[in-house]
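Read in my numbering, the sequence shown has 358 at position 309, and its numbers run on one by one without any break.
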Amino acid sequence: MANAPSKKPAAKPTKEALAYCNDLINFEFKRLGNVKYDKKMLKDPNRGHWENTNAAYRDATGTFYRDPILDIKEGYIGINFGSRNVTVAMLDENSLIAPLRIGAKDFQKPIDKSDFQIPAILHFKNLENFLTDYKSAIGRPMTQWADLATSHTVIPEYLRASSNIFSSFMYDIKPWASKPSGHLRIKDKTGKMYDLHSFLALNEETEFNPVELYAYYLGSFINNMNNGIHLKYILACPKVFEQPALDKLLESFRNGIKKSLPVAILENEEIMQNFSVEIGIAEATAYGLTALTGYNIQPTPNKPVFYGVFDIGAYTTNFSFGLYKFSTEDMRYTYTVDELGSRGNKYLGGEILLEALAYEVLTQHQKILLKKRIQFTRPKDGKRFIGEDAFISNSEEAKRNTVIMINTLRPILENIGSVKAKTKIVLFDREGFKRKIKFKLKKRDLIKILETRVEIGLNEFFEFIKLTCARFNVYPEKIHIFLGGNCSKSLLVEHLSKKVARTALTEWNGELLNYYKERVVQVEAENKAARERIHEQTIKAKETLDMYNQQLEDSLETENDPLDSDPLDSDPLDSDPLDSDPLDSDPLDSDPLDSDPLDPPDNIDDALEDDLDPLTAPLPEPPDYVEPEEYVEIELPTQISLKEDIFDIFPYIGTNNSLAKMKELHIALTESNYFATMGAMGVAFGVLKGRQGGKLLITDYSKSEHGHIPFQYYVGDCDANNHLKLLVTPHTPYEQWVKYIPATSLETEIYYTIYPSLKGHSLSISKAKKAILRIDESELDHAAFLFIRAISPSKLEYVVGNDDFGEVEQISDSRELVLDY
């Protein structure tokens, strides 16, 4: 409840009391740049103010305090922390999902699309002041928007910024946080410099955390006296983050959001037990859930739905492939999603594509740029050129010039306008002065660059689907492909996705046919070999039996033939009665008691054995007899042929093409059907649908046994044509040894890159980075080899060893190599 002022007649408010009330009205304006609260708020007993804690001033001004505990909302907040924009959705106590207006500065104005997202940018104006205020309270500190700002109001300043203040902006918060190394230098608007280690190496005692500060502002836009207080948050999982960086990201968001809560909430231990910030399902999977709902694609009890997501954002691209089906095993759930595969590429995105175009245009105008003393930056895969020292720099002016060119060329990719073939652009020279430069743009060449790079990404995506299907031995009749990410709004991306899908299907069917033919030949050969083997075994067994029977028969004939004891052969004259001496048998020597006719012999078995009839006794088996094995024929494989329409491609939600497709599907496009109209909210909606404890069970099969995301690099050797010969790729399983090169040198070069090559083409070694594999002199062995394998997303392991029939016999201890492009 709001606390009532004293019933005693209030004295005339002092200037201090009035100033206090004015500060309360302007509280969110000073902190967040939001429109001031109305004055009636303070004196309305049903409203009041969270920060109106001074009882004396309340009595003097007749205003009310509002307990923030009254404003706690049940439900969850879903967050999509994008590279360029952040969106937030809310799941209320009635399980309804709706977007949150985190970008609105005035909630009384008509709703605008920009209300539902804010740019992921920070503008450091007076960072020292801000940090002092930030540390002054455990919750809702009185920080100043004038010292550090974010959201839409910063973008015009960013675009107009002169080169000497360009370093006061940070518009790559998420890409910076995803990198395992690399320091950051920020110069705020006062000119003070701040050097930061990489995200993972930040010293929280001496350095500030940009991700935490951004999360603080995001939490402040969520938790206020317009939206109420929210305690449960789910952050969509970015698949390009390795686990340590993901843990740090989660910690940063938890600390920042907690800082946005009122002190009365933070000091209530019982309430704070319900506070949580957790990592949810993968971003691409979350968008897939929204797209399935938006396009009204539902499984039936007998027919599950296969889906794939190609999510190309500003700096990263995420792939997802899964199975959406009815839940039959656990009655707690209505549906289940088996996430069969998930991958990310942190160097393919709209801004990276535009940076490549900017570099191409700037390098084509070296003559005029040299004359005007204009410099620019080089992207990671930018080609080197003779005389580049005069142009390539990391100065503020160089960075600013690259951004200016990127924004000039943006319409080519995003279909938001036109770019003239001849245009004048204002850039900054080395001294920071503006120079107007005439540029001639070869639009066809630039579009070709975009097409090549996007096609590489799409080839990787369909290869990823093919390999995932092979891994799980599933070959669907239909796969629904959803284009996600801001960059997929480009008509170029949609057009190329259909083209590459056709090519991928043809190649896939060709591979399946070849596999079928090879398998048929193999099975027929195995069956033939089995028949021949059993035939030989049968003949051998028969010969063994025949031989044994013959031997036995011959033996019996020899022992029992009656002709061998013919009475005619015995001569009575041969036995002379005189030859027997009667004295030799003394009747006294035999005791009649010793021979009882009723006593059995001492060994009954021997006696019986002696009496056996050899013609009726059972015959023992031959000692070397082997029963022939039973013939079981291996069935011929079933030929798999994928249908021509297996890939059904769905445009990015909210585009004209997606709305047209929904009309074809007879989907009601109402204002309340957010899932069918708000593509930008897709990830935030989906992460709420896939929350733990909901009616949808998500099972992730995409991680390794150790919980790793897939390997992030393409690793190999340099061939005779200076091309990268691939040995280990993101498709290579972890812990799988690959033979590399003879172990004949103490140092061996190996090459790696983040960039896949266009299908059918080799990647130039100039786009790869070199690393050294070192071994000891005692490990040199002309008969042994170096073996390499991936053990984590950015780490290789190598050993000296021998190939022992497919198994690696290690000669040396294993060593690790960290890759950092």
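Even glycine gets a Cβ: it sits at the ideal position worked out from N, Cα and C.
Apart from the 5 residues on each side of it in sequence, V848 sits with its Cβ closer than 6 Å to the Cβ of F836, Q859, S861 and S863 in its chain, given in chain order. Between the alpha carbons of S444 and V410 lies a distance of about 19 Å. The shortest CA-to-CA distance from D379 to any of K774, L775 and L746 is the one to L746. The beta carbon of I803 lies closer than 8 Å to those of N394, K395, Y396, K429, Q761, Y762, Y763 and Y870 in the same chain, with the five residues before and after it left out.
Where Q166 is concerned, there is no enclosing alpha helix (DSSP H), although the beta strand (DSSP E) around it starts and stops at Q166 to P168. The residue from N598, D478 and P229 with its alpha-carbon nearest to that of V867 is P229. Our two residues, C70 and V84, have alpha carbons roughly 16 Å apart in a direct line. In this structure, the beta-carbon distance from L310 to P168 does not fall below 9 Å.
The straight-line gap separating the alpha-carbon atoms of Y801 and N508 is approximately 20 Å.
Separation of M242 and E177 (C-alpha to C-alpha, rounded to the nearest whole angstrom) is 10 Å. Judged by DSSP secondary structure, E400 falls within the alpha helix (DSSP H) whose first and last residues are G399 to T412.
Just measuring C-alpha positions, the residue of L233, E585 and Y674 sitting nearest N598 is Y674. Under the DSSP assignment, E713 falls in the alpha helix (DSSP H) whose first and last residues are N705 to E713. As the crow flies, the alpha-carbon of S325 is around 13 Å from that of I128. Under the three-state reduction of DSSP output, M727 falls in the coil class, being neither helix nor strand. Boundaries for P224: no beta strand (DSSP E) harbours it, while the alpha helix (DSSP H) harbouring it runs I222 to S227, taken from the DSSP string. Straight-line measurement puts the Cα of D595 at about 27 Å from the Cα of K577.
Cβ neighbours of K174 within its own chain (closer than 8 Å, five residues either side excluded): A195, D196, L197, A198, S217, D237, K238 and T239. Contact annotation: C767 and L776 have beta-carbon atoms that are not nearer than 9 Å. Considered as a whole, the segment 263-302 harbours 281-286 as its complete beta strand (DSSP E) runs of no fewer than 3 residues, in chain order. Out of D182, S211, I170 and K184, the CA that lies nearest to the CA of I204 is found in I170. Between the beta-carbon of S376 and that of Y384 there is about 6 Å, and that keeps the pair under the 8 Å contact cut. Fully enclosed alpha helix (DSSP H) runs of no fewer than 4 residues are not present anywhere in the segment 469-503. DSSP places Q859 inside the beta strand (DSSP E), whose first and last residues are E856 to Q859. Contact between E504 and L545 holds, with the beta-carbon distance rounding to 6 Å and staying under 8 Å.
In this structure H172 is buried. Its beta-carbon is surrounded by 16 or more other beta-carbon atoms within 10 angstroms.
Going by DSSP, L822 is part of the beta strand (DSSP E) stretching over K818 to R823.
In this structure, L829 lies near T793, with their beta-carbon atoms less than 9 Å apart.
With respect to the C-alpha of A285, the residue from T457, V736 and I474 having the closest C-alpha is V736.
In this structure, H757 sits near Y783, with a CB-CB distance shorter than 9 Å. By the Cβ rule, the segment 260-278 does not count as touching the segment 809-828, because fewer than three pairs are nearer than 8 Å. When the beta-carbon positions are compared, F302 and E253 stay at least 9 Å from each other. Per DSSP, the continuous beta strand (DSSP E) segment holding C767 begins and ends at Y763 to C767. About 4 Å separates the CB atoms of S391 and S751; that is less than 8 Å, so the two are in contact. For the 9 Å CB-CB criterion, L389 and T181 do not form a contact. Under the three-state reduction of DSSP output, A138 falls in the strand class.
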